[in-house]
């Protein structure tokens, strides 16, 4: 097994199995990949297996099974391409199948979904809208993927919000998913925030007066940028594993991550990519973030140091709660039950008036507060605005 394959497994393994790949499939698939050059091909072949099951179920009128199989196929095809930027043709072919599978799955999910295309700077962004059962309009969570994730990967997270009565709009922004080929990654998301706000307002079953923004990894940077841009139009914001300044960690990032940012930012080389990564900076925008903010971070994050969560907490203008999970990795995928229900309940408290979850300390799973040396008089989990 070459170093790039080992790196992908080490950094992202729990993410795969939390977001739709079974543990048995993950172990079997990765055990059969020795060279990074084979990664996309092998994962695509596995995606094709589930895709066939889904197409067969559709032909037989078994729509629920079809939706489940095709959504799982979309996840496999997505993980075939997620950081496979060395072979653009192979990557785009896998991505096209991921998009096709999810699109065909959407009407058969519970609850179903639909595509929403949003004009943006001469091109367009694509989102998936899913609405819970019952009479609307429903409060909505705008969901933002990271550098190498996309809307096809976030179905299991969507479900935690949908189950609590909140609609989801999962958006591929510039440099992400369907937008990554025409629109490069960018640090300023104020224009994206505005077009997303307008698009949500065109959907009669969505209540944009009750709007939250959620993001994971680099999406955990984008979500605060959107919330800062929209000001009091946002009711709550969640940043999961978001960097405060992505470029400051450039030298310690995995090579696969650096290569992916280089390609998705349209940079010609590693040094230009590093400069673009430095533009992913919350220093100025944080002062404009007035909505309640929940920061979720893993102490064992190998990509972004947990101290970035403390920097974000101390920089924003509004009230902020920090949930620092002692054993959490990047994105806390390895401890998802410790934060996903709490996050969904925290948003439901703000959008639906549901009971407030108690987040009793800065850390979960620790006997001492690892942020103590970085704080002064803050002794509880929440900083008041």
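Residue numbers (this note's numbering): 104 to 488.
Think of the CB as a built atom: it goes at the ideal place given N, C-alpha and C, for glycine as much as any other residue.
Task: Secondary structure of residue 259, DSSP reduced to three states - done: helix
Task: Backbone CA spacing between residue 225 and residue 295 [nearest angstrom] - done: 13 Å
Task: Meets three-Cβ-pair contact criterion under 8 Å: the segment 438-455 and the segment 251-269 - done: yes
TODO: Return yes when the Cβ of residue 332 is within less than 8 Å of the Cβ of residue 340, no when it is not.
DONE: no
Task: Exposure of residue 440, with buried meaning 16 or more beta-carbon neighbours within 10 Å - done: exposed
Task: Chain-order list of residues whose beta-carbon lies under 6 Å from that of residue 283 (same chain, five-residue window excluded) - done: 367
Open item on the list: According to DSSP, simplified to helix, strand and coil, what is residue 275?
Closed with: strand
Task: Counted within 10 angstroms of its Cβ, other Cβ atoms place residue 104 as buried (16 or more) or exposed - done: exposed
- [ ] Classify residue 279 as buried or exposed, calling it buried when 16 or more other Cβ atoms lie within 10 Å of its own Cβ.
- [x] buried
Open item on the list: According to DSSP, simplified to helix, strand and coil, what is residue 110?
Closed with: helix
Task: Short Cβ contact (8 Å threshold) for residue 142 with residue 179 - done: no
Task: Per-residue DSSP class, three states only, for residue 227 - done: strand
Open item on the list: Could you tell me the alpha carbon to alpha carbon distance between residue 311 and residue 198, rounded to whole angstroms?
Closed with: 30 Å
- [ ] Note down, in chain order, each residue of its chain lying with its Cβ closer than 8 Å to the Cβ of residue 443, except the 5 sequence neighbours on either side.
- [x] 260, 263
Task: One or two residues paired with residue 244 in a DSSP bridge - done: 271, 315
Open item on the list: Between the segment 235-247 and the segment 295-310, can you find at least three pairs of beta-carbon atoms closer than 8 Å?
Closed with: yes
Open item on the list: Cutting at 6 Å between CB atoms, please list the residues of its own chain near residue 292, excluding the five before and the five after it.
Closed with: 325, 328, 329
- [ ] Kindly list the residues whose CB is nearer than 7 Å to the CB of residue 253, restricted to its own chain and excluding five residues on each side of it in sequence; keep chain order.
- [x] 181, 275, 279, 280
TODO: Determine the closest residue to residue 438 out of 232, 115, 107, with distance taken between C-alpha atoms.
DONE: 115
TODO: Give the secondary structure of residue 303 by DSSP, where H, G and I count as helix, E and B as strand, and everything else as coil.
DONE: helix
Task: Beta-carbon gap between residue 174 and residue 168 smaller than 8 Å - done: no
Open item on the list: So residue 414 and residue 349 are supposed to be a Cβ contact under 8 Å. How far apart are they, rounded?
Closed with: That belief does not hold up - the Cβ atoms of residue 414 and residue 349 are roughly 12 Å apart, past 8 Å.
TODO: Tell me whether the beta-carbon of residue 299 lies closer than 8 Å to the beta-carbon of residue 221.
DONE: yes
Task: Residue burial classification, residue 163 (beta-carbon count within 10 angstroms, cutoff 16) - done: exposed
Task: Cα-Cα separation between residue 427 and residue 362, rounded to whole angstroms - done: 29 Å
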